[in-house]
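J.:
2 protein chains.
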Amino acid sequence: MNQPDDRQQSSQNLALEAAVSADEPFKLETFLPYRLSVLTNRISRELSKLYQERFGLSIPEWRVMANLGRFAPMSAQDVAERSSMDKAKVSRAIASLQKAKLITRDQDPKDNRAVLLNLSNEGRRIYDEITPLATEWEKLLLQGLGTDEARSLHQIIDRLHRRMDDSMA
Amino acid sequence: MNQPDDRQQSSQNLALEAAVSADEPFKLETFLPYRLSVLTNRISRELSKLYQERFGLSIPEWRVMANLGRFAPMSAQDVAERSSMDKAKVSRAIASLQKAKLITRDQDPKDNRAVLLNLSNEGRRIYDEITPLATEWEKLLLQGLGTDEARSLHQIIDRLHRRMDDSMA
DNA sequence: CATTACTAGTTTCATCTGAAACTAAGTCAA
DNA sequence: TTGACTTAGTTTCAGATGAAACTAGTAATG
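Next up, the structure:
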């Protein structure tokens, strides 16, 4: 009746276990990439309401604007790098932002392939409207943490990025 | 062409700004939801190679398997809740896993709408092959952090989830 | 029981997505 | 110069996505 379950052998049988926990069951609920992903998607979904519902901006569109608001003039390539979005996505976001007249697109005099992106006046107006809301939202979220933890989180993110740079890719 | 941009003051001026004032420019590069999203997408993309390239599993498919490996038998609904994926996505992942014979799908005797999901033998075999690799990968990633930081990160994730539960949605 | 409301899971639809092909422009080297 | 190579950005294509409609079964109320 009781089917033998040999997939997880009791550790007595395995005197020579490697230290690396081959017999420990995999715990999804503490698997960090998974946890990060669940949390982040949740946060993104919620936050995106802020600019989707009220301003009709998609996430990629908002990201382009957010980058331009801070670093314009930039090329599409610059935006893609800074935002970790692929260039097709950036290209599409740029196209629709231009159609909505929220950004301007001028030829780069130094490189005829490239394009100089800026927020339009209207784009800047919207940017100036969204950013305080975003900041406010973030502040609300971070009230779940102590300032030490918030700082710590930033540091951890830095370190994980560095780790990815070095050893994971 | 080049409009003067008086909204974004050159950063030298800002060293002494009051902490929270409304006139501080929005700093995308320290905006936490954005940073989390960039990092997480990067991690997910990289990690997913582990089960995509070698086992042909998509991210949703692997998530379903990971949940079943740990908590089966479960309904599709259970999986959706646990993994924070919407039910359509789960449904599609289940369909393709069943086609690949990696899971079994039985009627729940207590509720004819619901379905009892389990890993098949083959599914379990693959699960048992992937999980040590995933664990290993995670360990590699976490070598960027001290154990204190890793623990702290888990706690921070918990707190942010709680914060979302309470006040953000 | 009926009627109504709800839940599990699937399907449809319009949109979004990433990868790769593509166009056009710049660079390099002989 | 020319040709080979690289880069910026767009487009194409096949597949993935989320929202909402839908089907079928369950629960709650009278």
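Note that the protein sequences, when read in sequence, are chains A and B.
Those letters in the first sequence? Residues 7 to 175, by my numbering.
Those letters in the second sequence? Residues 7 to 175, by my numbering.
We put the beta carbon where it would ideally sit given N, CA and C, even for glycine.
Under a Cβ-count criterion, where at least 16 other Cβ atoms within 10 Å of its own Cβ denotes burial, should residue 140 of chain B be classed as buried or exposed?
T.: buried
J.: What three-state label does DSSP hand residue 23 of chain B in the structure shown?
T.: Interpretation of residue 23 of chain B is limited by its pLDDT of 38, a score under 50 that renders its predicted location unreliable; the figure taken from the coordinates is listed afterwards. The answer is coil: DSSP assigns residue 23 of chain B none of H, G, I, E or B.
J.: Any idea what DSSP makes of residue 113 of chain A, helix, strand or coil?
T.: strand
J.: Using the DSSP secondary-structure output, state which residues sit across from residue 124 of chain A in a beta bridge.
T.: A:110
J.: Any beta carbon from chain B within less than 9 Å of residue 138 of chain A's own beta carbon?
T.: yes
J.: For residue 64 of chain B, return the contacting residues in chain A, with the cut-off set at a CB-CB distance below 8 Å.
T.: Simply none; closest approach about 14 Å.
J.: Would you say residue 170 of chain B reaches chain A, if we count a Cβ-Cβ gap shorter than 9 Å as a contact?
T.: Interface flag for residue 170 of chain B against chain A is set, since a Cβ pair is found closer than 9 Å.
J.: In the DSSP output, what is residue 71 of chain A paired with across the bridge?
T.: According to DSSP, which records beta bridges pairwise, residue 71 of chain A is partnered with nothing at all.
J.: Give a yes or no on whether the C-beta atoms belonging to residue 43 of chain B and residue 54 of chain B are separated by under 9 Å.
T.: no
J.: Name the residues in the segment 36-58 of chain A whose C-beta lies less than 8 Å from a C-beta of chain B; which are they?
T.: Residues are counted here when their Cβ sits less than 8 Å from a Cβ of chain B; for the segment 36-58 of chain A these are 36, 37, 38, 39, 40, 41, 42, 43, 44, 45, 46, 47, 48, 49, 50, 52 and 53, given in chain order.
J.: Residue 133 of chain A and residue 62 of chain A: beta carbons closer than 9 Å?
T.: no
J.: I'd like the list of long-range same chain contacts for residue 104 of chain A, defined as Cβ closer than 6 Å, with 5 residues on each side in sequence excluded.
T.: 111
J.: Using a Cβ distance threshold of 8 Å, determine whether the segment 77-96 of chain A contacts the segment 149-159 of chain A, with at least three qualifying pairs required.
T.: no
J.: Does DSSP put residue 91 of chain B in a helix, a strand or coil?
T.: coil
J.: Residue 150 of chain A versus chain B: which residues are under 7 Å apart at the beta carbon?
T.: 165, 166, 168 and 169
J.: Are residue 152 of chain A and residue 169 of chain B close, meaning C-beta to C-beta below 9 Å?
T.: For the 9 Å CB-CB criterion, residue 152 of chain A and residue 169 of chain B do not form a contact.
J.: Counting contacts by CB-CB distance shorter than 9 Å, is residue 27 of chain A in contact with chain B?
T.: Since pLDDT at residue 27 of chain A reaches only 46, below the 50 mark, its modelled position is unreliable, and no value is offered.
J.: Can you list the residues of chain A that residue 73 of chain B reaches, using a CB-CB cut of under 9 Å?
T.: 34
J.: Whole angstroms are fine: how far does the CA of residue 71 of chain A sit from the CA of residue 137 of chain A?
T.: Going from the Cα of residue 137 of chain A to the Cα of residue 71 of chain A covers about 10 Å.
J.: Within the chosen definition, does the segment 118-135 of chain A reach the segment 82-102 of chain A through at least 3 CB pairs nearer than 8 Å?
T.: yes
J.: Once DSSP output is grouped into helix, strand and coil, what is the label at residue 11 of chain B?
T.: Only weak support exists for where residue 11 of chain B lies, its pLDDT of 36 falling under 50; the value from the coordinates is given anyway. Note: residue 11 of chain B maps to coil in three-state DSSP.
J.: Is residue 40 of chain B near residue 48 of chain A, with beta carbons less than 9 Å apart?
T.: no
J.: May I have the straight-line CA-CA distance separating residue 102 of chain A from residue 91 of chain A, to the nearest angstrom?
T.: 16 Å
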